[in-house]
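Chemist: Once you've had a glance at the structure underneath, I'll fire off some questions.
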Amino acid sequence: MEQRDRSIKTTEKKISRRTLLGGALATAILPVTSAFAKYVQIGVLTVPDPTKQPGPLPGKVGTRSPFEVPVKKPSDISSRSPLQDLYSTITPSDLHFERHHAGVPAIDPNQYELLIHGMVDRPMKFSLHDLKRFPSVTRTCFIECAGNFRTGKEDMTVQEILGLTSQSEWTGVMLSTLFRELRVDPKATWFLAEGGDAAVLTRSIPMHKAWDDAMIAYAQNGEAIRPEQGYPARLLLPGWEGNTNVKWLRRIEISDAPYFTREETSKYTYPVKDKIRMFSFEMDARSIITYPSFPQKVERGWIEIRGLAWSGRGKVIKVEVSTDAGKNWNEARLQGPVLEKAHTYFRYLWQWNGAETEIMSRVTDETGYTQPTLKQLIDARGKDIGGYHMNPVTAWRVKRDGSVLFKPEKH
Amino acid sequence: MLKKLKLRRSHALIFGLIIIIGVVIWLWPPVKTEPQWPKTFGYGKTATQQEIAKLDIDVRPDGKGLPAGSGNVPNGAIIYANKCAACHAADGKEIKGVKLPGPPLVIGDGKTKTIGNYWPYATTLFDYVRRAMPYNAPGSLTNDEVYSLCAWLLNQNKITTASQVMNAHTLPQVKMPAQKLFIVDNRKGGPEVK
Numbered sequence: 001m002e003q004r005d006r007s008i009k010t011t012e013k014k015i016s017r018r019t020l021l022g023g024a025l026a027t028a029i030l031p032v033t034s035a036f037a038k039y040v041q042i043g044v045l046t047v048p049d050p051t052k053q054p055g056p057l058p059g060k061v062g063t064r065s066p067f068e069v070p071v072k073k074p075s076d077i078s079s080r081s082p083l084q085d086l087y088s089t090i091t092p093s094d095l096h097f098e099r100h101h102a103g104v105p106a107i108d109p110n111q112y113e114l115l116i117h118g119m120v121d122r123p124m125k126f127s128l129h130d131l132k133r134f135p136s137v138t139r140t141c142f143i144e145c146a147g148n149f150r151t152g153k154e155d156m157t158v159q160e161i162l163g164l165t166s167q168s169e170w171t172g173v174m175l176s177t178l179f180r181e182l183r184v185d186p187k188a189t190w191f192l193a194e195g196g197d198a199a200v201l202t203r204s205i206p207m208h209k210a211w212d213d214a215m216i217a218y219a220q221n222g223e224a225i226r227p228e229q230g231y232p233a234r235l236l237l238p239g240w241e242g243n244t245n246v247k248w249l250r251r252i253e254i255s256d257a258p259y260f261t262r263e264e265t266s267k268y269t270y271p272v273k274d275k276i277r278m279f280s281f282e283m284d285a286r287s288i289i290t291y292p293s294f295p296q297k298v299e300r301g302w303i304e305i306r307g308l309a310w311s312g313r314g315k316v317i318k319v320e321v322s323t324d325a326g327k328n329w330n331e332a333r334l335q336g337p338v339l340e341k342a343h344t345y346f347r348y349l350w351q352w353n354g355a356e357t358e359i360m361s362r363v364t365d366e367t368g369y370t371q372p373t374l375k376q377l378i379d380a381r382g383k384d385i386g387g388y389h390m391n392p393v394t395a396w397r398v399k400r401d402g403s404v405l406f407k408p409e410k411h
Numbered sequence: 001m002l003k004k005l006k007l008r009r010s011h012a013l014i015f016g017l018i019i020i021i022g023v024v025i026w027l028w029p030p031v032k033t034e035p036q037w038p039k040t041f042g043y044g045k046t047a048t049q050q051e052i053a054k055l056d057i058d059v060r061p062d063g064k065g066l067p068a069g070s071g072n073v074p075n076g077a078i079i080y081a082n083k084c085a086a087c088h089a090a091d092g093k094e095i096k097g098v099k100l101p102g103p104p105l106v107i108g109d110g111k112t113k114t115i116g117n118y119w120p121y122a123t124t125l126f127d128y129v130r131r132a133m134p135y136n137a138p139g140s141l142t143n144d145e146v147y148s149l150c151a152w153l154l155n156q157n158k159i160t161t162a163s164q165v166m167n168a169h170t171l172p173q174v175k176m177p178a179q180k181l182f183i184v185d186n187r188k189g190g191p192e193v194k
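Protein sequences, first through last, are from chains A and D.
For the first sequence, the UniProt record's numbering begins at 1 and goes up steadily by one.
For the second sequence, the UniProt record's numbering begins at 1 and goes up steadily by one.
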């Protein structure tokens, strides 16, 4: 003790109280709560008895518990949300999926400008400061990539199958508020949205979405939007395919025809029988069980099956869960409030007797559409179905030993 | 007895009040969801024609937005070899078993989606190449270079001849083979799986 006191005195000036309090911490190698726990071990600082030693003092920025390491899964072009590690519908901002076409641009908010021109009385440019002065709106909705579909292996996580969907609470200005300011020509039918990234990504959007619920969002989950999500401002088109929600928005041109950009012709289109379907904007209703799912393990007895359901066309009205490979369907409880064009959390209590089975969920939205099986989608669109706008029912196999495996279906 | 009566009276009073308030709310004109906004907020600045011209790079299928300049197949071949082949292969075709950094651009043996079999409009080529290519130096090509690349790519895909010059007049006239395949999604919600 005396020795410790002395060491405190000598180093007093150099180190903070925070560092000092951490001095007696020990390093422990612990498995962490994550879908990838079996592959990941991390060093965590612990104390033998946390009730016998004060912890660190309040800080400037909070951190996640070192025992919790939900992480995105990046590829060359995207980074997927760890939906199986989340407990409700809001995706923490740092875990929101990413998809970009030439990396994340570094944009100085003081240099940022949004130009709106074309079929308007008065073409205008708005600084970020200008955008923030307008009446603002906050809404919660999901964004899902139109190519959010993977299959093939049993050992796939929810993240790997459909981790390209996330949900945030977005704040910004309604596009209609800005369009009112410019006095848009009533003959205008489309607008072009252009990003300020190195791909200068563009999409053509029908004008009715601008008058309906389109927003320019500058905040996400209460703070400034993250760079990966379009800082300082992005287009937000609730319920519409992710690619149309142009990030780092720098320009809008109002027009009387679509532009047929690369994104809406050679990408984000898909074969339907002998044709190629384009301008599929709304994301079809979809659901998935996130617990239990691979690589989680379950025990015999009561299991609360949990998951996410959503529809780009409005509200989720019903989620059904089957615990016998689709023979019987039972209505799940929905967590309220159920918002339109939003991830909706569902729960269904099930007593597992230890027998091998398959569990799955299907959603019905307020237009009366029920999530189809993969077979139904193939019957409707043909074998050469592609990967865009795929929303089939996803099944998990529960094995006798409690392991849960994805059931990949051929197409 | 009196106490009971009083209580009843106060109950009746409260009940009556609730009904009156209810009727008033019911008959009251609907509340406007938007406040009385000014005609204009006055935020932002008018954009000048020069400011618009600097950013307005989009091109439509009818040719609106195409700049002056022109290009031809031989020049396109040289530019392609220097600036595109590293990612899209020497002849723009898919190399079996090799994952290219960029997708193949010319029809090969497989079912790969290329300019020749999948792109509905030739103008999109100009628009996309000028804004996003080459990947490591986007926006660095001159208009003539982009026209030349369009000429070479369309010729390699057997859509145009080797002598075809590309400019703001000729490019929109190129009829792309896949154009007839494209249909607009006409789903409107409802139970049908389509």
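Yeah, the Cβ is synthetic: ideal placement off N, Cα and C, and Gly gets one too.
Indicate the three-state DSSP secondary structure (helix, strand or coil) for A:L131 in the structure shown.
Modeler: Helix at A:L131.
Chemist: To which residues of the same chain is A:G118 closer than 6 Å at the C-beta, ignoring the five residues directly before and after it?
Modeler: Hits under 6 Å: E253, I254 and S255.
Chemist: Closest Cβ-Cβ distance between A:K399 and chain D: below 7 Å?
Modeler: Cβ-Cβ to chain D under 7 Å: no for A:K399.
Chemist: Quick check on DSSP: helix, strand or coil for A:L21?
Modeler: Reliability fails at A:L21, whose pLDDT of 43 lies under 50, so the model's placement of it is uncertain and no value is given.
Chemist: Determine the chain D residues that contact A:Q376 at a beta-carbon separation under 7 Å, and present them in chain order.
Modeler: Going along chain D in sequence order, the residues near A:Q376 (Cβ under 7 Å) are V193.
Chemist: Given a cut-off of 7 Å on the beta-carbon distance, is the pair A:F281 and A:W310 in contact?
Modeler: No, these two residues do not count as a Cβ contact at 7 Å.
Chemist: In or out: D:K113 buried (at least 16 other Cβ within 10 Å) or exposed?
Modeler: So D:K113 ends up on the buried side.
Chemist: DSSP on D:C87, reduced to helix/strand/coil?
Modeler: Residue state, collapsed to three classes: helix.
Chemist: Run the proximity test for A:E366: is its beta-carbon closer than 6 Å to any non-hydrogen atom belonging to the ligand HEM?
Modeler: This structure lacks the ligand HEM; in fact it carries no ligand of any kind.
Chemist: Does A:Y87 pass the burial test, meaning 16 or more other C-beta atoms within 10 Å, or should it be called exposed?
Modeler: The residue in question, A:Y87, is exposed, as its Cβ has fewer than 16 Cβ neighbours within 10 Å.
Chemist: For the alpha helix (DSSP H) containing D:Q49, list its first residue and its last residue.
Modeler: Counting along the chain, the alpha helix (DSSP H) containing D:Q49 begins and ends at Q49 to L55.
Chemist: Check for me: the alpha helix (DSSP H) holding D:R130 runs from which residue to which?
Modeler: Residues A122 to A132.
Chemist: Just tell me which of A:V104, A:D212 and A:V246 has its CA closest to the CA of A:E228.
Modeler: Measuring from the Cα of A:E228, the nearest candidate turns out to be A:V104.
Chemist: Taking 7 Å as the threshold (beta carbon to beta carbon), is D:D185 in contact with chain A?
Modeler: Taking Cβ atoms only, chain A reaches closer than 7 Å to D:D185, which makes this a yes.
Chemist: Among A:G402, A:I77 and A:T373, whose alpha-carbon lies nearest the alpha-carbon of A:A355?
Modeler: Comparing Cα positions, the closest option is A:G402.
Chemist: Determine contact between the segment 313-321 of chain A and the segment 112-127 of chain A, defined as no fewer than three beta-carbon pairs at a distance below 8 Å.
Modeler: The answer is no - the segment 112-127 of chain A does not touch the segment 313-321 of chain A, with fewer than three Cβ pairs under 8 Å.
Chemist: In this structure, what does DSSP give as the bridge partners for A:P372?
Modeler: Beta-bridge pairing links A:P372 to no other residue.
Chemist: Given a threshold of 16 other Cβ atoms within 10 Å of its Cβ, counted over all protein chains shown, does residue 420 of chain A qualify as buried or as exposed?
Modeler: With chain A covering 1 to 411 only, the question about residue 420 of chain A has no answer from this structure.
Chemist: For a contact defined as C-beta to C-beta under 7 Å, what are the partners of D:K45 on chain A?
Modeler: Residues of chain A passing the Cβ test: M124 and K125.
Chemist: Distance check for D:C87 and D:K99, CA to CA, integer angstroms please.
Modeler: Between D:K99 and D:C87, the C-alpha separation is close to 10 Å.
Chemist: How would you label D:H169, buried or exposed, when you count the other beta carbons within 10 angstroms and need 16 or more for buried?
Modeler: Under this definition D:H169 is an exposed residue.
Chemist: Thinking A:P295 and A:T157 are a contact (beta carbons under 8 Å), I'd like their distance in whole angstroms, please.
Modeler: So it is a contact: roughly 7 Å between Cβ atoms.
Chemist: Round the Cβ separation of D:G189 and A:R80 to the nearest angstrom and send it over; I've been treating them as touching at under 8 Å.
Modeler: That pair is no contact at about 28 Å.
Chemist: I need the straight-line Cα distance from A:A102 to A:V246, nearest angstrom please.
Modeler: Cα-Cα distance, rounded: 13 Å.
Chemist: I think D:L125 touches A:K275, with their Cβ atoms under 8 Å apart; what is that distance to the nearest whole Å?
Modeler: Their Cβ separation, rounded to whole angstroms, is 22 Å, which puts D:L125 and A:K275 out of contact at 8 Å.
Chemist: Using a threshold of 7 Å, state whether the C-beta atoms of A:A219 and A:T171 are closer than that.
Modeler: Going by C-beta atoms, A:A219 is nearer than 7 Å to A:T171.
Chemist: Excluding five sequence neighbours on each side, which residues of the same chain lie with their C-beta closer than 7 Å to the C-beta of D:N117?
Modeler: The residues are I107, P177 and A178.
Chemist: Can you grab the Cα-Cα spacing for the pair A:L162 / D:R130, in whole Å?
Modeler: For A:L162 and D:R130, the distance between alpha carbons rounds to 33 Å.
Chemist: With contact counted as at least three CB pairs below 8 Å, one residue from each stretch, are the segment 128-136 of chain A and the segment 56-74 of chain D in contact?
Modeler: Result no; under three Cβ-Cβ pairs closer than 8 Å.
Chemist: Count the CB pairs spanning the segment 142-154 of chain A and the segment 192-205 of chain A that are closer than 8 Å, and state whether there are at least three.
Modeler: Too few Cβ pairs lie closer than 8 Å, so no.
Chemist: Enumerate in chain order the residues of its own chain whose CB-to-CB distance from A:F346 is below 6 Å, with the five nearest sequence positions on each side excluded.
Modeler: Cβ within range, chain order: G307, A309, V319, A332 and L334.
Chemist: Using DSSP bridges, identify the partner residues of A:R143.
Modeler: For the sequence presented, residue 143 of chain A should be read as Ile rather than Arg. BP columns for A:I143 point to A:S166.
Chemist: Quick one: which unbroken beta strand (DSSP E) runs of 3-plus residues sit fully inside the segment 297-342 of chain A? Chain order, please.
Modeler: Fully enclosed beta strand (DSSP E) runs of 3 or longer: 301-310 and 316-322.
Chemist: Look up A:I289 in the DSSP assignment and give the residues it is bridged to.
Modeler: Answer is A:G307.
Chemist: Quick check on this structure: which residue in A:K297, A:D324 and A:V338 has the alpha carbon closest to the alpha carbon of A:K315?
Modeler: The residue with the shortest Cα to Cα distance from A:K315 is A:V338.
Chemist: Relative to the alpha-carbon of A:H100, which residue among A:W190, A:E263 and A:Q167 has its alpha-carbon at the smallest distance?
Modeler: Nearest of A:W190, A:E263 and A:Q167 to A:H100, Cα basis: A:E263.
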